[in-house]
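Peer 1: Sharing a structure here in structure tokens format.
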Amino acid sequence: MILGFDWIASLGDIGMNFSKGVMTVDCNGEKVKLVTEEVKAEVKLCEGDVDVVKESKKGNQIFYAQLFKMEETSKPLELKLNPELTNLLQEFQDIFEEPKTLPPRRAIDHQIALKPDSKPINIRPYRFSYFQKLEMEKIIQELLKNDLIQNSTSAYASPVLLVKKKDGTWRMCIDYRKLNDETIKNKFPIPIIEDLLDELDGAHYFSKLDLRSGYHQIRMEEKDVHKTAFQTQPL
106 MILGFDWIAS LGDIGMNFSK GVMTVDCNGE KVKLVTEEVK AEVKLCEGDV DVVKESKKGN
166 QIFYAQLFKM EETSKPLELK LNPELTNLLQ EFQDIFEEPK TLPPRRAIDH QIALKPDSKP
226 INIRPYRFSY FQKLEMEKII QELLKNDLIQ NSTSAYASPV LLVKKKDGTW RMCIDYRKLN
286 DETIKNKFPI PIIEDLLDEL DGAHYFSKLD LRSGYHQIRM EEKDVHKTAF QTQPL
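Going from the sequence shown to our numbering is simple: count from 1 and add 105.
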């Protein structure tokens, strides 16, 4: 039994044959084969006390396991912010609030130009566990409540993915890969990195903003809204 990915990662290139149960590794310039051994043994689950000495003399192997009940805590993490940053966040509190509506129409909105004779993309939804279904239902209900999405009968339908974030919550992502394959790609020159660095000459302070749910920042052209439809399993 091999425990620990760090040890496997230190071996570099390895060869695996799962049908034969053989792993070939390079150890100090030599090829070493690790072969699985089939052991037929009777497994007994004991909930009471076990005489470890007596069982070991019989040649039996004993594994000890203990179960713990993990309870989630709702206590938020306490973050210590710079007082100046706190004042800035309070002054522009309306900017950092959760979006309640879609952004206003602008001079240029996003468009989806499809290739000629392309057919509507309609892909069956991915399977999720019961727990993930509950999380997805919460996210969708919240989006509907804030009018960020709407019910649709579009011929287009892309599947949905759930991605776990660092704080343990879930982010709903829509798999538009098939739709992207049928989209005419925009072509524009990539900026030269030296030119971008020259523009930073004389700058002393640098900051960044994490645009949460950034796809809410740009509106879609009305004629292309139906192409962004997604579907999930029945919730």
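The beta-carbon is built from N, C-alpha and C at its ideal position, and this holds for glycine as well.
Could you check which residue in V127, G117 and T141 has the C-alpha nearest to that of N133?
Peer 2: Numbered from 1 along the sequence shown, position 28 holds the residue referred to as residue 133. Considering only alpha carbons, the answer is G117.
Peer 1: Given that a residue counts as buried once 16 or more other Cβ atoms are within 10 Å of its Cβ, and exposed if not, what is G284?
Peer 2: Residue mapping note: residue 284 aligns to position 179 of the sequence shown, counting from 1. Note that residue 284 is Leu in the sequence shown here, rather than Gly. Buried, because 16 or more other Cβ atoms sit within 10 Å of the Cβ of L284.
Peer 1: Please list the segments of the alpha helix (DSSP H) lying wholly inside the segment 281–320, counting only runs of 4 or more residues, in order along the chain.
Peer 2: If we require 4 residues or more, the alpha helix (DSSP H) runs fully inside the segment 281–320 come out as 282–286 and 298–303.
Peer 1: In the DSSP assignment, what are the bridge partners of T129?
Peer 2: Within the sequence shown, the letter at position 24 stands for residue 129. Bridge partners of T129: G120 and K138.
Peer 1: What did DSSP end up calling F197 once you bin it into helix, strand or coil?
Peer 2: Here the question's residue 197 lines up with position 92 in the sequence shown. Three-state result, F197: coil.
Peer 1: Confirm, please, whether the CB-CB distance from I245 to L266 is below 9 Å.
Peer 2: Position 161 of the sequence shown, counted from the first residue, corresponds to residue 266. Position 140 of the sequence shown, counted from the first residue, corresponds to residue 245. No; because the gap between Cβ atoms is not below 9 Å, this pair is not in contact.
Peer 1: Mapping DSSP to helix, strand and coil, what is I228?
Peer 2: As a first step, residue 228 must be located in the sequence shown, where it is residue number 123. Here I228 sits in coil by DSSP.
Peer 1: So S257 and A334 are in contact, right, with Cβ under 8 Å, and what is the actual spacing, rounded?
Peer 2: Translated into positions along the sequence shown, residue 257 becomes position 152. Translated into positions along the sequence shown, residue 334 becomes position 229. Their Cβ separation, rounded to whole angstroms, is 4 Å, which keeps S257 and A334 in contact under 8 Å.
Peer 1: To the nearest angstrom, how far is it from the Cα of I295 to the Cα of V330?
Peer 2: Taking the first residue of the sequence shown as position 1, residue 295 is located at position 190. Taking the first residue of the sequence shown as position 1, residue 330 is located at position 225. Approximately 28 Å between the Cα atoms of the pair.
Peer 1: Quick check on this structure: which residue in K125, I119 and Q338 has the alpha carbon closest to the alpha carbon of R232?
Peer 2: As a working mapping, residue 232 is identified with position 127 in the sequence shown. Closest option to R232, Cα to Cα, is Q338.
Peer 1: Roughly how many angstroms separate the alpha carbons of A262 and E326, rounded to a whole number?
Peer 2: Locating residue 262 in the sequence shown gives position 157, where the first residue counts as 1. Locating residue 326 in the sequence shown gives position 221, where the first residue counts as 1. Their backbone Cα atoms lie some 18 Å apart in a straight line.
Peer 1: List the endpoints of the continuous alpha helix (DSSP H) containing K250.
Peer 2: Position 145 of the sequence shown, counting from 1, holds the residue named residue 250. Y235 to K250 is the span of the alpha helix (DSSP H), which, as asked, contains K250.
Peer 1: Rounded to whole angstroms, how far is the Cβ of K205 from the Cβ of N251, which I believe are closer than 8 Å?
Peer 2: Counting from one through the sequence shown, the residue named residue 205 turns up at place 100. Counting from one through the sequence shown, the residue named residue 251 turns up at place 146. Going by Cβ atoms, the distance from K205 to N251 rounds to 5 Å, so yes, they are a contact pair.
Peer 1: Excluding the 5 residues preceding and the 5 following Q216 in the sequence, name in chain order all residues of the same chain whose CB lies nearer than 6 Å to its CB.
Peer 2: Mapped onto the sequence shown, residue 216 falls at position 111. So the qualifying residues of the chain are E326 and D329.
Peer 1: Name, in chain order, the residues that DSSP records as bridge partners for R211.
Peer 2: Position 106 of the sequence shown, counted from the start, is the residue given in the question as residue 211. Answer is none; R211 lacks a bridge partner.
Peer 1: Return helix, strand or coil for K269, following the three-state DSSP convention.
Peer 2: Start at 1 with the first residue of the sequence shown, and residue 269 comes out as number 164. In this structure, K269 counts as strand in the three-state DSSP scheme.
Peer 1: Considering only residues of the same chain and omitting the five flanking positions on each side of V121, which have a CB-CB separation below 6 Å?
Peer 2: On the sequence shown, residue 121 is found 16 positions in, with the first residue counted as 1. The sequence as given places Met at residue 121; Val does not occur at that position. The answer, listed in chain order, is M128.
Peer 1: Would P264 be called buried (16 or more neighbouring beta carbons within 10 Å of its own) or exposed?
Peer 2: In the sequence shown, the residue the question calls residue 264 occupies position 159. With 16 or more other Cβ atoms within 10 Å, it is buried.
Peer 1: Write down the C-beta distance between L194 and R324 rounded to the nearest angstrom, noting that I regard them as a contact closer than 8 Å.
Peer 2: Along the sequence shown, read from residue 1 onward, the residue named residue 194 stands at position 89. Along the sequence shown, read from residue 1 onward, the residue named residue 324 stands at position 219. Actually they are not in contact, since the Cβ atoms of L194 and R324 sit about 26 Å apart, beyond 8 Å.
Peer 1: If I follow the unbroken beta strand (DSSP E) through I279, where does it start and stop?
Peer 2: If you number the sequence shown from 1, residue 279 lands on position 174. It spans W275 to I279 - the beta strand (DSSP E) in which I279 sits, taken as one unbroken run.
Peer 1: Assuming the contact rule is C-beta atoms closer than 8 Å, I119 and V130 should be a hit. Round their C-beta distance to whole Å, please.
Peer 2: In the sequence shown, residue 119 corresponds to position 14, counting from 1. In the sequence shown, residue 130 corresponds to position 25, counting from 1. Contact holds; Cβ gap of about 5 Å.
Peer 1: In this structure, how does DSSP classify L219 when only helix, strand and coil are distinguished?
Peer 2: On the sequence shown, position 114 is the one that residue 219 refers to. L219: strand per DSSP, three-state reduction.
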